[in-house]
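Only one structure is covered here, and it is reproduced in the block below.
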Amino acid sequence: MKPAEVSTPSDREVLVKRSFDAPVNLVWQAYTEPALMRRWLTAMPGWTMPVCEMATHVGGKYRWRWRSEDGQEFGFTGEMLEVALHSKIVHTQIYDPGGCDFGSMGGEPSIITVTFSETNGITNVATSIKFASQADRDAAMSTGMTDGMEMSYQSLDGVLAA
Amino acid sequence: MTRLDQAFAALADPTRRGIVVRLARGEASVSDLVGLFSLTQPTISSHLKVLESAGLISRSRVAQSRPCKLETKRLKAVTDWLEKVQGIWEGNYKRLDALLDELKQAQKTERKK
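Encoded structure:
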């Protein structure tokens with residue numbers, strides 16, 4: 068599958084698109100069942116997800132928490148705003164810094180929208196992260212969380228082709 | 002607003018992204034860009050002002066046509082950030098690819114039974 072495409076469609080938004088070689092029911096399972104979520108949603112190498120409480124009904128609360136090998140922790144919590152089986156999940160997201168020095172990542176909740184669509188056994192997933200304010204996105208962008216990652220090359224055209 | 006944030010705001014507009022892509026191939030004057038985008042000169046000029054104040058382009062004070070030039074350093078800060086974000090997501094997605102392969106196999110085995 069082609070690597071994830073990241074773009075910034077507006078000044079408060081980040082959009083990530085990726086396709087998966089699997090039918091939508093399996094992708095949906097991997098996105099909503101904690102035992103499966105834990106296996107891939109590990110954020111960074113060397114991190115695990117000791118807390119993964121998920122909700123798949125409107126108004127339900129979720130709680131995710133990650134822990135590094137050296138005992139640092141951070142997490143996200145939020146509420147499900149919209150859930151449409153095999154097609155869409157919308158939820159709020161509040162960053163809980165735990166003991167991690169990742170910067171503030173913004174105080175107000177962001178709105179995360181994940182849409183799923185299947186064509187010929189390939190599932191396209193689009194994730195939009197809408198920050199409450201430009202300042203919040205700024206905080207998330209300046210965080211040290213993303214440092215030291217192994218980066219894949221992204222061409223100028225790819226970045227700007229939003 | 003920080004410069005990086007300003008750069009992202011500037012790049013949120015499709016015409017301004019188009020201008021940046023054009024300037025990546027070399028300098029251009031306002032009239033070159035007017036011709037290329039079929040927009041009025043004041044519209045192009047206002048887009049250039051936004052790009053210039055975000056530090057993404059600079060305009061020569063020497064030549065009368067004041068050609069615009071891409072400031073690659075600023076643009077690199079933007080692409081670097083996007084690459085970092087992309088790296089984290091792609092790392093997760095590669096693990097998801099592997100998990101989905103496993104789920105597909107399990108489903109096949111289940112059907113055979």
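Here the protein sequences line up with chains R and A, keeping their order. Heads up: take any position in the first sequence, counting from 1, add 67, and you land on our numbering. Heads up: take any position in the second sequence, counting from 1, add 1, and you land on our numbering. Virtual Cβ for every residue (Gly too), placed ideally from N, Cα, C.
- A straight-line Cα-Cα distance of about 12 Å links S184/R and I156/R.
- In this structure, DSSP gives H124/R a state outside helix and strand, which the three-state scheme calls coil.
- Annotation: Cβ neighbours of K105/A in chain R (cutoff 9 Å, chain order): D88, A89, P90, L93.
- In the three-state reduction of the DSSP assignment, S39/A falls in the coil class, being assigned neither a helical nor a strand state.
- The stretch 81 to 92 of chain R and the stretch 175 to 189 of chain R touch, with three or more beta-carbon pairs separated by less than 8 Å.
- Apart from the 5 residues on each side of it in sequence, G126/R sits with its Cβ closer than 7 Å to the Cβ of E146, M147 in its chain, given in chain order.
- Under the DSSP assignment, D88/R falls outside any alpha helix (DSSP H); it carries neither an H nor an E label.
- Using a Cβ-Cβ cut-off of 9 Å, A199/R does not count as an interface residue toward chain A, since no Cβ of chain A sits closer than that to its own.
- Contacts between Q96/R and chain A, judged by CB atoms closer than 8 Å, involve L104 in chain order.
- Contact annotation: A199/R and T180/R have beta-carbon atoms that are not nearer than 9 Å.
- Out of K113/A, E84/A, E28/A, the CA that lies nearest to the CA of A71/R is found in E84/A.
- N191/R: member of the beta strand (DSSP E) spanning 189 to 197, first to last residue.
- Residue burial annotation: A11/A is buried, with at least 16 other C-beta atoms found within 10 angstroms of its C-beta.
- Non-local beta-carbon contacts of L5/A in its own chain, meaning distances under 8 Å to residues more than five positions away in sequence, involve A78, V79, W82 in chain order.
- Not flagged as an interface residue toward chain A: V118/R, since no C-beta distance is shorter than 9 Å.
- Under the Cβ distance rule, R96/A counts among the residues neighbouring chain R, one pair being separated by less than 9 Å.
- Note on the stretch 93 to 154 of chain R: whole beta strand (DSSP E) runs with a minimum of 3 residues are 114 to 120, 128 to 135, 140 to 151, in chain order.
- Across the set L49/A, G27/A, A25/A, the C-alpha of L49/A shows the shortest separation from the C-alpha of V35/A.
- For the stretch 101 to 117 of chain R, the residues whose beta carbon sits under 8 Å from a beta carbon of chain A are, in order, L103, R106, W107, L108, T109, A110, M111, P112.
- Around the C-beta of A8/A, 16 or more other C-beta atoms lie within 10 Å, and the residue is accordingly described as buried.
- Counting only Cβ-Cβ distances below 8 Å, L100/A has contacts in chain R at A97, L103, R106, W107, in chain order.
- With a threshold of 9 Å between beta carbons, V51/A makes no contact with chain R.
- Within chain R, not a single residue places a beta-carbon under 7 Å from that of L57/A; the smallest gap is close to 11 Å.
- Put simply, the backbone Cα of V63/A is about 16 Å away from that of E53/A.
- At a cut-off of 9 Å, the C-beta of D6/A has a neighbouring C-beta in chain R.
- Under the DSSP definition of a beta bridge, I58/A partners with L71/A.
- The alpha-carbon separation between E91/A and S66/A amounts to approximately 44 Å.
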